[in-house]
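From first to last, the protein sequence lines stand for chains P and D.
Sequential numbering from 41 applies to the first sequence in the numbering used here.
Sequential numbering from 41 applies to the second sequence in the numbering used here.
See structure below.
Number of protein chains: 2
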Amino acid sequence: MNLILLFEDDFVKDRQRVSLRGRRHEHVLNVHRASAGDRLSVGLLNGMIGTGAVTRIDDDALEMDIVLDRDPPPPLDVTLILALPRPIVLKRILLSASSMGVKRIVLIHSRRVEKSYWNSPVLDEKKIKEQLILGLEQARDTIMPEVWLRQKFKPFVEDDLPDMIKGTLPLVAHPGTSEPCPSQVNRPVTLAIGPEGGFMPYEVEMLEAAGFRSVNIGERILRVETAVPVLLSKLF
Amino acid sequence: MNLILLFEDDFVKDRQRVSLRGRRHEHVLNVHRASAGDRLSVGLLNGMIGTGAVTRIDDDALEMDIVLDRDPPPPLDVTLILALPRPIVLKRILLSASSMGVKRIVLIHSRRVEKSYWNSPVLDEKKIKEQLILGLEQARDTIMPEVWLRQKFKPFVEDDLPDMIKGTLPLVAHPGTSEPCPSQVNRPVTLAIGPEGGFMPYEVEMLEAAGFRSVNIGERILRVETAVPVLLSKLF
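In structure tokens:
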């Protein structure tokens, strides 16, 4: 936790003092081992970042006086479209994408996605938020990413994609294609990444028909959780 | 498993036919669902890659006729020095680094590494190899990475590093430093990455005294398992 993310209802004295219990309190108590007078990095959800001066910490609560005076780090201008990964992998990808500054994630179905994944508790809004918050705290960011679920591939491509990709460079990572992924593109990107095993040929064709370019990241086929940071690091 | 990695003792007929049991047999049977006549990607450990034509597959074994006719993908010319991560994270990093083409990994101690991590069964040579093999199979590579363990920071820096970094660009990823990580360096690199929480200031100083340059990857602090693909993707 490189930053303690604060929520409106943490404040006990208009905008100046917060009182925390639960996970954040325990983390500061047991991991940071902070004591009164210590200064910790804090940020307000979807707001600015700054410093919290510990005024009191004991087994009951953590109280800090808050100064918010800086912008969070700039986001990546990308919409990340992912064929729904295995639940345990999804958790890690949500965290790492959030830490890298991705603000729009769309989880879609694809032929090679096991249908049962859509019933995973990991997809509960609350569980998704937990991972996104861990990512924000990791990267000292405050801007909560949006996550959309689209359980039908074809309606997603036909109804959602046209608006989504407007003004962006739409790329689909597809092993075996000849065009290498461009680097440092300096413009908004919509990036689609298939499931382990890849999108089916007809799925790639539909994405290409919608305006996507197929690009590769070299001869090596990477796991999705590795491909996400590799591609984002290359594009931005 | 995008490639079935073969070992010398898999061959039953000099260099032409292999017979597999165990993990690879079960994977081809249950995941690939291959049958006689199918052609699968194969590669010989530390050798060439090619095709295996299934001659027989049943509950007992998988037999293939093997043609090895191509080089595996080129490796990354990097030595990756990692402060020993948490065991469960180490497993994932070994796999992902192996899949990205890293061939030399050095796990070192650092002040913020919990001593107990050094007693983890994940560090057994056999367990390390398992993850490296999964990475090779993922990326259709055959060249087994080397992994060295160095449990004393100072002797490592003083005795091992001088030879290790010869002819390479030695970089240490250090959040908060002002120089950004260079991209596409086109030369051999030695890349050191600290533990969660970072190297201690005196450790960074020792690395710098040994010739390392401190570089950052932006304002965001990333988990080590995200930082590894991000940095490798940027450098190569």
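In this text, a Cβ means the ideal position worked out from N, Cα and C, and glycines have one as well.
Keep in mind the model is a prediction, meaning the values are calculated, not measured.
Note down, in chain order, every chain D residue with its Cβ under 8 Å from the Cβ of residue i.
| i | result |
| --- | --- |
| residue 274 of chain P | 273 and 274 |
| residue 270 of chain P | 140, 269, 270, 272 and 273 |
Considering only their Cβ atoms, is the gap separating residue j from residue i smaller than 9 Å?
| i | j | result |
| --- | --- | --- |
| residue 143 of chain P | residue 115 of chain P | yes |
| residue 84 of chain D | residue 46 of chain D | yes |
| residue 162 of chain D | residue 128 of chain D | yes |
| residue 125 of chain D | residue 264 of chain D | yes |
| residue 209 of chain D | residue 172 of chain D | no |
| residue 147 of chain P | residue 104 of chain P | no |
| residue 268 of chain P | residue 136 of chain P | yes |
| residue 238 of chain P | residue 152 of chain P | yes |
| residue 224 of chain P | residue 176 of chain P | no |
| residue 201 of chain P | residue 251 of chain P | yes |
| residue 180 of chain P | residue 106 of chain P | no |
| residue 214 of chain P | residue 254 of chain P | yes |
| residue 4 of chain D | residue 246 of chain D | This structure gives no information on residue 4 of chain D, because the portion of chain D shown stretches from 41 to 276. |
| residue 21 of chain D | residue 266 of chain P | Outside the shown range of chain D, which is 41 to 276, sits residue 21 of chain D, and nothing can be said about it. |
| residue 145 of chain D | residue 182 of chain D | no |
| residue 76 of chain P | residue 96 of chain P | yes |
| residue 230 of chain P | residue 261 of chain P | no |
| residue 80 of chain P | residue 71 of chain P | no |
| residue 67 of chain D | residue 41 of chain D | yes |
| residue 52 of chain P | residue 82 of chain P | no |
| residue 216 of chain D | residue 150 of chain D | no |
| residue 212 of chain P | residue 248 of chain P | yes |
| residue 130 of chain D | residue 158 of chain D | no |
| residue 138 of chain P | residue 174 of chain P | yes |
Looking at the secondary structure, which residues open and close the beta strand (DSSP E) in which residue i lies?
| i | result |
| --- | --- |
| residue 104 of chain P | 102-110 |
| residue 121 of chain D | 116-123 |
| residue 233 of chain D | 229-233 |
| residue 77 of chain D | It is not in any beta strand (DSSP E) - residue 77 of chain D carries neither H nor E in the DSSP assignment. |
| residue 44 of chain D | 44-46 |
| residue 252 of chain P | First-last for residue 252 of chain P: undefined, no H or E at that position. |
| residue 59 of chain D | 57-60 |
| residue 225 of chain D | Looking at the DSSP string, residue 225 of chain D is not in any beta strand (DSSP E), and its letter there is neither H nor E. |
| residue 71 of chain P | No beta strand (DSSP E) holds residue 71 of chain P; DSSP gives it neither H nor E. |
Over what stretch of residues does the alpha helix (DSSP H) that includes residue i continue unbroken?
| i | result |
| --- | --- |
| residue 91 of chain P | Taken as a continuous stretch (DSSP letters only), residue 91 of chain P belongs to no alpha helix (DSSP H), being part of the beta strand (DSSP E) at 89-97. |
| residue 210 of chain P | Segment 209-213 is the beta strand (DSSP E) holding residue 210 of chain P; no alpha helix (DSSP H) there. |
| residue 64 of chain P | 63-67 |
| residue 217 of chain D | From DSSP, residue 217 of chain D is part of no alpha helix (DSSP H); its letter is neither H nor E. |
| residue 271 of chain P | 264-275 |
| residue 249 of chain P | 241-249 |
Please compile the residues from chain P whose C-beta is within a distance smaller than 7 Å of the C-beta of residue i.
| i | result |
| --- | --- |
| residue 42 of chain D | 261 |
Using a C-beta to C-beta distance shorter than 9 Å, which residues of chain P count as neighbours of residue i?
| i | result |
| --- | --- |
| residue 113 of chain D | 258, 259 and 260 |
At 8 Å on the CB atoms, spell out the chain P contacts of residue i, in chain order.
| i | result |
| --- | --- |
| residue 266 of chain D | 136, 139, 140 and 269 |
Please confirm whether residue i has its beta-carbon closer than 9 Å to some beta-carbon of chain B.
| i | result |
| --- | --- |
| residue 224 of chain D | In the displayed structure, chain B is absent; the protein chains listed are P and D. |
- Task: Please name the residues in the region 135-165 of chain D whose beta-carbon is closer than 8 Å to at least one beta-carbon of chain P, in chain order.
- Result: 135, 136, 139, 140 and 141
- Which runs of the beta strand (DSSP E), 3 residues or longer, sit entirely within the region 122-206 of chain P? 142-148 and 186-190
- Message: So if I threshold CB-CB distances at 8 Å, which residues from the region 173-185 of chain P count as touching chain D?
- Response: 178, 179, 180 and 181
- In chain order, what residues of the region 194-209 of chain D put their CB closer than 8 Å to some CB of chain P? Those would be none; no residue qualifies.
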